[in-house]
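Q: Residue numbers (this note's numbering), protein chains in the order written: chain C, 274 to 470; chain E, 274 to 470; chain D, 274 to 470; chain Y, 274 to 470.
Below you will find the structure I want to go over with you.
There are 4 protein chains.
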Amino acid sequence: MRTEGSSRDKTWPIIRRSALGQLSKHGFHGMNLRNLASDSGLQAGSLYNYFKNKDELLVIIMREIMQELLDKISEAEEHAKSPEERLDKFVEVMVGWHAKRRKEAMISQSELRSLTKAGFREIVDIRKKFEVILLDIILDGVETGVFSVGDPKLSANMLINMLTSISYWYKAGGRLSVATMIVEYQSAARRVLGNSS
Amino acid sequence: MRTEGSSRDKTWPIIRRSALGQLSKHGFHGMNLRNLASDSGLQAGSLYNYFKNKDELLVIIMREIMQELLDKISEAEEHAKSPEERLDKFVEVMVGWHAKRRKEAMISQSELRSLTKAGFREIVDIRKKFEVILLDIILDGVETGVFSVGDPKLSANMLINMLTSISYWYKAGGRLSVATMIVEYQSAARRVLGNSS
Amino acid sequence: MRTEGSSRDKTWPIIRRSALGQLSKHGFHGMNLRNLASDSGLQAGSLYNYFKNKDELLVIIMREIMQELLDKISEAEEHAKSPEERLDKFVEVMVGWHAKRRKEAMISQSELRSLTKAGFREIVDIRKKFEVILLDIILDGVETGVFSVGDPKLSANMLINMLTSISYWYKAGGRLSVATMIVEYQSAARRVLGNSS
Amino acid sequence: MRTEGSSRDKTWPIIRRSALGQLSKHGFHGMNLRNLASDSGLQAGSLYNYFKNKDELLVIIMREIMQELLDKISEAEEHAKSPEERLDKFVEVMVGWHAKRRKEAMISQSELRSLTKAGFREIVDIRKKFEVILLDIILDGVETGVFSVGDPKLSANMLINMLTSISYWYKAGGRLSVATMIVEYQSAARRVLGNSS
DNA sequence: AATGAATGAGACTTCATTCAT
DNA sequence: AATGAATGAAGTCTCATTCAT
Numbered sequence: 274m275r276t277e278g279s280s281r282d283k284t285w286p287i288i289r290r291s292a293l294g295q296l297s298k299h300g301f302h303g304m305n306l307r308n309l310a311s312d313s314g315l316q317a318g319s320l321y322n323y324f325k326n327k328d329e330l331l332v333i334i335m336r337e338i339m340q341e342l343l344d345k346i347s348e349a350e351e352h353a354k355s356p357e358e359r360l361d362k363f364v365e366v367m368v369g370w371h372a373k374r375r376k377e378a379m380i381s382q383s384e385l386r387s388l389t390k391a392g393f394r395e396i397v398d399i400r401k402k403f404e405v406i407l408l409d410i411i412l413d414g415v416e417t418g419v420f421s422v423g424d425p426k427l428s429a430n431m432l433i434n435m436l437t438s439i440s441y442w443y444k445a446g447g448r449l450s451v452a453t454m455i456v457e458y459q460s461a462a463r464r465v466l467g468n469s470s
Numbered sequence: 274m275r276t277e278g279s280s281r282d283k284t285w286p287i288i289r290r291s292a293l294g295q296l297s298k299h300g301f302h303g304m305n306l307r308n309l310a311s312d313s314g315l316q317a318g319s320l321y322n323y324f325k326n327k328d329e330l331l332v333i334i335m336r337e338i339m340q341e342l343l344d345k346i347s348e349a350e351e352h353a354k355s356p357e358e359r360l361d362k363f364v365e366v367m368v369g370w371h372a373k374r375r376k377e378a379m380i381s382q383s384e385l386r387s388l389t390k391a392g393f394r395e396i397v398d399i400r401k402k403f404e405v406i407l408l409d410i411i412l413d414g415v416e417t418g419v420f421s422v423g424d425p426k427l428s429a430n431m432l433i434n435m436l437t438s439i440s441y442w443y444k445a446g447g448r449l450s451v452a453t454m455i456v457e458y459q460s461a462a463r464r465v466l467g468n469s470s
Numbered sequence: 274m275r276t277e278g279s280s281r282d283k284t285w286p287i288i289r290r291s292a293l294g295q296l297s298k299h300g301f302h303g304m305n306l307r308n309l310a311s312d313s314g315l316q317a318g319s320l321y322n323y324f325k326n327k328d329e330l331l332v333i334i335m336r337e338i339m340q341e342l343l344d345k346i347s348e349a350e351e352h353a354k355s356p357e358e359r360l361d362k363f364v365e366v367m368v369g370w371h372a373k374r375r376k377e378a379m380i381s382q383s384e385l386r387s388l389t390k391a392g393f394r395e396i397v398d399i400r401k402k403f404e405v406i407l408l409d410i411i412l413d414g415v416e417t418g419v420f421s422v423g424d425p426k427l428s429a430n431m432l433i434n435m436l437t438s439i440s441y442w443y444k445a446g447g448r449l450s451v452a453t454m455i456v457e458y459q460s461a462a463r464r465v466l467g468n469s470s
Numbered sequence: 274m275r276t277e278g279s280s281r282d283k284t285w286p287i288i289r290r291s292a293l294g295q296l297s298k299h300g301f302h303g304m305n306l307r308n309l310a311s312d313s314g315l316q317a318g319s320l321y322n323y324f325k326n327k328d329e330l331l332v333i334i335m336r337e338i339m340q341e342l343l344d345k346i347s348e349a350e351e352h353a354k355s356p357e358e359r360l361d362k363f364v365e366v367m368v369g370w371h372a373k374r375r376k377e378a379m380i381s382q383s384e385l386r387s388l389t390k391a392g393f394r395e396i397v398d399i400r401k402k403f404e405v406i407l408l409d410i411i412l413d414g415v416e417t418g419v420f421s422v423g424d425p426k427l428s429a430n431m432l433i434n435m436l437t438s439i440s441y442w443y444k445a446g447g448r449l450s451v452a453t454m455i456v457e458y459q460s461a462a463r464r465v466l467g468n469s470s
């Protein structure tokens with residue numbers, strides 16, 4: 274039985290948030306645990322109460338990130354019917370998430386190579402699910418004739434790349450609102466898939 | 274006066290090639306000079322005949338990379354007339370380069386954050402030139418009515434992201450030939466820009 | 274809140290003592306941290322719990338040395354009245370210290386040039402206080418007529434040099450006791466200052 | 274038969290002069306051959322045409338220095354008769370040399386510890402000759418009753434220290450001319466030796 | 001005599017990690 | 001759970017020295 278509001282419940286979120294900052298700014302190999310600790314108001318040694326080594330920290334962080342995004346997408350997908358609707362939802366979630374959770378997004382893309390072999394497999398498995406979902410949407414649309422593409426898998430790649438790249442350049446509070454971005458990307462996605470509605 | 278074919282002229286290309294491998298595989302902070310040296314058949318200390326520190330190595334490498342790509346694009350652009358032609362050429366060069374020079378491409382995208390302040394400014398300045406070129410193509414097309422987009426700058430971003438991401442997943446000798454890729458991306462790019470030819 | 278008698282309180286004095294040995298024997302550039310560490314029963318990296326780099330080690334050591342000597346002199350000076358008495362006290366402390374604390378004395382004289390710019394300024398500032406004190410004694414004596422010198426500042430230099438050089442050749446347990454040395458130097462100092470008592 | 278004005282005859286003096294600068298500024302361990310070379314307009318490797326290793330460079334330099342000073346003193350001593358005259362001459366040469374050849378003087382005092390065992394013996398042997406000469410002067414004066422000191426050897430030390438320290442603080446073109454310095458030090462030396470002329 | 005590239009040793013420093021307190 | 005000190009490995013960089021040219 275864990276006490277509500279225990280030290281752990283307060284400290285881990287702080288560490289997590291610091292880790293997101295450090296990882297997105299310096300990358301896994303460029304970050305270091307001393308800085309992570311001081312950012313979190315701790316000594317380096319204390320971090321080991323929260324993960325058993327640096328490698329594990331990365332998997333934990335990335336697992337949380339990927340899972341959250343996957344949940345968001347699955348949820349959005351659930352209530353959509355037509356391929357176009359499904360695509361719109363997919364784009365909406367992806368744009369929103371990559372624009373608002375830039376740090377998480379950048380980490381999940383850049384640090385795959387820093388994962389342990391086991392960690393890599395785990396995270397890539399989650400990652401593939403997005404691609405499967407998108408590919409399914411595309412194939413669905415191609416079948417029903419609302420999409421028309423040369424190579425569905427390639428198109429899926431194009432779209433995923435377009436969407437995930439947002440996190441690298443989007444600036445909140447800049448010229449483009451998230452709402453505008455969503456509309457534009459939905460439109461672009463349809464065009465890429467040869468949909469003319 | 275340096276002898277043609279001196280030791281330097283033989284060694285630097287070897288180092289350069291090793292550096293591309295290490296940088297693309299492990300990232301700047303994940304690579305190390307001992308391995309770079311042994312990959313190059315040298316002692317670590319000998320590397321310092323070729324750059325004055327690790328930071329400088331990165332700028333040198335990235336400068337060469339960016340400059341080469343910029344040259345390729347400028348050259349291709351020169352002989353193109355219509356916006357569509359220009360776009361096709363731009364896409365062709367970008368797809369070809371990002372598919373064939375994957376290491377260079379990945380480095381130039383991932384390691385911007387690892388650059389020194391001064392190095393960063395220098396490299397970003399080159400980088401911006403691509404974006405300007407593409408934006409110019411788009412605006413050209415919008416003016417002449419062959420392209421139709423909601424936000425030209427955003428569209429430029431979408432395309433650049435789509436194209437540069439290729440290096441992260443394309444596998445030579447796989448299902449898709451570079452030629453196919455070029456055709457598909459040219460088509461997708463036109464569609465993204467609302468061109469219906 | 275640091276525990277009294279913590280590990281730090283035991284280790285630093287050991288490091289300090291090793292550093293004095295190494296610095297006086299090999300000089301700042303001739304010493305090395307590996308040896309300092311092994312002399313101290315530590316790994317080289319552990320030293321960095323006590324200073325942030327080699328440069329800082331030197332300032333810390335020299336600051337402690339100079340401050341201690343300055344305190345000794347100030348204290349001795351306090352209870353002396355006449356210029357002759359003050360001179361005697363000054364010489365007594367200086368001879369005693371330079372004969373008994375040879376390592377410290379040699380370091381504080383030889384390693385000024387090895388200090389960082391900032392460190393140099395700090396240490397030289399302390400150092401100047403000795404000279405000011407001695408000069409004040411001399412001027413005091415000249416005014417009251419008990420000393421007679423051509424150039425007070427030059428005489429101060431002569432005396433300081435004479436006294437500080439002791440550390441370079443004096444051997445404890447040799448022909449001359451510290452007590453004898455004190456008497457002889459007091460006498461010599463008075464003579465240099467034209468005092469005939 | 275060596276050609277007059279050969280490359281060696283031009284280059285060695287340049288190296289020598291650079292070495293004096295570097296040694297006096299950074300000390301033996303603080304100097305480095307790359308800088309010495311570039312100061313001399315050479316590459317590091319080329320230095321090895323002039324000495325067989327860094328250790329030997331130091332002995333060569335120090336030998337030249339000490340020998341020159343010894344010659345100067347011996348020559349000056351030759352024509353002096355009375356102990357006072359001899360002392361005056363000794364002081365004159367020492368003050369002049371330590372004020373005008375500061376670099377050489379500082380090196381010869383500071384770098385004894387950096388010498389190889391063999392080098393050390395050789396240089397110290399020369400060095401002792403000064404002390405013997407001064408001691409001889411003092412004993413001469415004590416015998417003939419013109420000097421009166423408690424401990425002749427100690428007095429010799431005091432004087433040598435006083436004189437050799439000049440190089441550490443004297444600034445050419447400052448308040449004190451060399452001529453003034455000579456007079457003052459001659460006077461101080463006599464006083465230290467209890468001579469009342 | 002000089003160069004430029006290479007070596008090999010070793011210097012300073014960083015860092016993930018452990019552990020007694 | 002946290003601390004502070006320690007470790008050991010490794011990383012970047014320097015430097016005296018060698019040697020083919």
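From the three backbone atoms N, C-alpha and C, an ideal C-beta is built for every residue, glycine too.
#1: With distance defined between alpha-carbon atoms, name the residue in C:346, C:456 and C:463 nearest to residue 405 (chain C).
#2: Compute the Euclidean distance between the alpha carbons of residue 460 (chain Y) and residue 452 (chain Y), then round it to the nearest angstrom.
#3: Using a Cβ-Cβ distance cut-off of 8 Å, determine whether residue 442 (chain D) contacts chain Y.
#4: Can you tell me where the alpha helix (DSSP H) holding residue 292 (chain E) begins and where it ends?
#5: Any contact of the segment 351–360 of chain Y with the segment 410–423 of chain Y, i.e. 3+ C-beta pairs under 8 Å?
#6: Strictly under 8 Å for the Cβ-Cβ distance: is residue 460 (chain E) near chain C by that measure?
#7: Is the CB of residue 277 (chain E) under 8 Å away from at least one CB in chain C?
#8: Beta-carbon of residue 290 (chain C) versus every beta-carbon of chain E: anything under 8 Å?
#9: If the cut is a Cβ gap below 8 Å, which residues of chain D does residue 424 (chain Y) touch?
#10: Contact check, residue 369 (chain Y) vs residue 331 (chain Y) under 8 Å by CB: the rounded distance?
#11: Between which two residues does the alpha helix (DSSP H) holding residue 403 (chain C) run?
#12: Indicate the three-state DSSP secondary structure (helix, strand or coil) for residue 302 (chain E) in the structure shown.
#13: Measuring only the C-alpha atoms, how far is residue 486 (chain C) from residue 402 (chain C)?
#14: Name the chain E residues that come within less than 7 Å of residue 302 (chain C), Cβ to Cβ?
#15: For residue 378 (chain Y), count neighbouring Cβ atoms within 10 angstroms of its own Cβ and tell me buried if that reaches 16, exposed if not.
#16: From residue 407 (chain D) to residue 468 (chain D), what distance separates their C-alpha atoms?
#17: Could you work out which residue in Y:321, Y:458, Y:409 and Y:380 is closest to residue 339 (chain Y) when comparing CA atoms only?
#18: Against chain C, does residue 467 (chain E) count as a neighbour if the rule is that its beta carbon must be under 8 Å from one of theirs?
#19: With 8 Å as the limit, tell me which residues of the segment 324–351 of chain E have their beta carbon closer than that to any beta carbon of chain C; keep them in chain order.
#20: State the DSSP-derived secondary structure class of residue 363 (chain C), mapped to helix, strand or coil.
#21: Return helix, strand or coil for residue 456 (chain C), following the three-state DSSP convention.
#22: Taking a cut of 9 Å between CB atoms, which residues from the segment 427–440 of chain D lie near chain Y?
#23: Examine chain D for any beta-carbon lying closer than 8 Å to the beta-carbon of residue 311 (chain Y), and answer yes or no.
#24: Since residue 428 (chain Y) is in the alpha helix (DSSP H), which residue starts that stretch and which ends it?
#25: Using DSSP with H/G/I as helix, E/B as strand and the rest coil, what is residue 315 (chain D)?
#26: I think residue 426 (chain E) touches residue 294 (chain E), with their Cβ atoms under 8 Å apart; what is that distance to the nearest whole Å?
#27: Leaving out the 5 sequence neighbours to the left and right, which residues in its chain are closer than 8 Å to residue 353 (chain D) when beta-carbon positions are compared?
#28: Under 8 Å, CB to CB, which of the residues in the segment 378–411 of chain Y have a partner in chain D?
#29: Kindly indicate if chain E contains any beta-carbon less than 8 Å away from that of residue 464 (chain C).
#30: So, at 8 Å on beta carbons, what are the nonlocal neighbours of residue 312 (chain E) in its own chain, with the 5 sequence-adjacent residues on each side left out?
#31: Rank D:297, D:319, D:300 and D:298 by C-alpha distance to the C-alpha of residue 307 (chain D) and give the top, closest one.
#32: What is the C-beta distance between residue 302 (chain C) and residue 371 (chain E), in whole angstroms, given that I count them as a contact (C-beta under 8 Å)?
#33: Rounded to whole angstroms, how far is the Cβ of residue 335 (chain C) from the Cβ of residue 384 (chain C), which I believe are closer than 8 Å?
#34: Which of the three DSSP states, helix, strand or coil, is assigned to residue 323 (chain C)?
#35: Start and end of the alpha helix (DSSP H) containing residue 353 (chain E)?
A: The short version:
#1: Comparing Cα-Cα distances from residue 405 (chain C) to each of C:346, C:456 and C:463, the minimum goes to C:346.
#2: The alpha-carbon atoms of residue 460 (chain Y) and residue 452 (chain Y) are separated by roughly 13 Å.
#3: Residue 442 (chain D) counts as touching chain Y.
#4: Where residue 292 (chain E) is concerned, the enclosing alpha helix (DSSP H) stretches over 280–299.
#5: Short answer: they touch.
#6: By this cut-off, residue 460 (chain E) is an interface position.
#7: Note that residue 277 (chain E) has pLDDT 48, beneath the 50 cutoff, so the model's placement of it is unreliable and no number is given.
#8: No, residue 290 (chain C) does not count as interfacial toward chain E.
#9: Listed by position along chain D, the residues whose Cβ is nearer than 8 Å to that of residue 424 (chain Y) are 449, 453 and 457.
#10: 25 Å between Cβ atoms; not a contact.
#11: Per DSSP, residue 403 (chain C) belongs to the alpha helix (DSSP H) from 390–416.
#12: In the three-state reduction of the DSSP assignment, residue 302 (chain E) falls in the coil class.
#13: Chain C is shown only over 274 to 470; residue 486 (chain C) falls outside these bounds and no answer can be derived.
#14: Ordered by position in chain E, the residues that pass the 7 Å Cβ test against residue 302 (chain C) are 300, 302 and 303.
#15: If you draw a 10 Å sphere on the C-beta of residue 378 (chain Y), you find 16 or more other C-beta atoms in it, and that means buried.
#16: One C-alpha to the other measures close to 15 Å.
#17: The residue with the shortest Cα to Cα distance from residue 339 (chain Y) is Y:380.
#18: Chain C contact via Cβ: present.
#19: Within the segment 324–351 of chain E, no residue qualifies.
#20: If DSSP states are grouped into helix, strand and coil, residue 363 (chain C) belongs with the helices.
#21: Of the three classes helix, strand and coil, the one that applies to residue 456 (chain C) here is helix, per DSSP.
#22: Hits within the stretch, in order: 427, 428, 430, 431, 432, 433, 434, 435, 436, 437, 438 and 439.
#23: Cβ-Cβ to chain D under 8 Å: no for residue 311 (chain Y).
#24: Per DSSP, the unbroken alpha helix (DSSP H) holding residue 428 (chain Y) starts and ends at 425–437.
#25: Correct three-state label for residue 315 (chain D): coil.
#26: The C-beta distance from residue 426 (chain E) to residue 294 (chain E) rounds to 35 Å, too long to meet the 8 Å contact threshold.
#27: Within the same chain, 359, 361 and 362 come within 8 Å of residue 353 (chain D) by CB-CB distance, once the 5 residues on both sides are set aside.
#28: Look at the segment 378–411 of chain Y: the residues with a C-beta under 8 Å from a C-beta of chain D are 383, 386 and 387.
#29: For residue 464 (chain C), a Cβ of chain E is located within less than 8 Å of the residue's own Cβ.
#30: If we look at residue 312 (chain E) and ignore the five residues flanking it on each side, its Cβ neighbours are 291, 294 and 295.
#31: When the alpha-carbon of residue 307 (chain D) is set against those of D:297, D:319, D:300 and D:298, the nearest one is in D:319.
#32: The pair is not a contact, with the Cβ atoms about 24 Å apart (cut-off 8 Å).
#33: Taking C-beta atoms under 8 Å as the contact rule, residue 335 (chain C) and residue 384 (chain C) qualify, at a distance of about 7 Å.
#34: In this structure, residue 323 (chain C) counts as coil in the three-state DSSP scheme.
#35: Neither: residue 353 (chain E) is in no alpha helix (DSSP H) and is coded neither H nor E.
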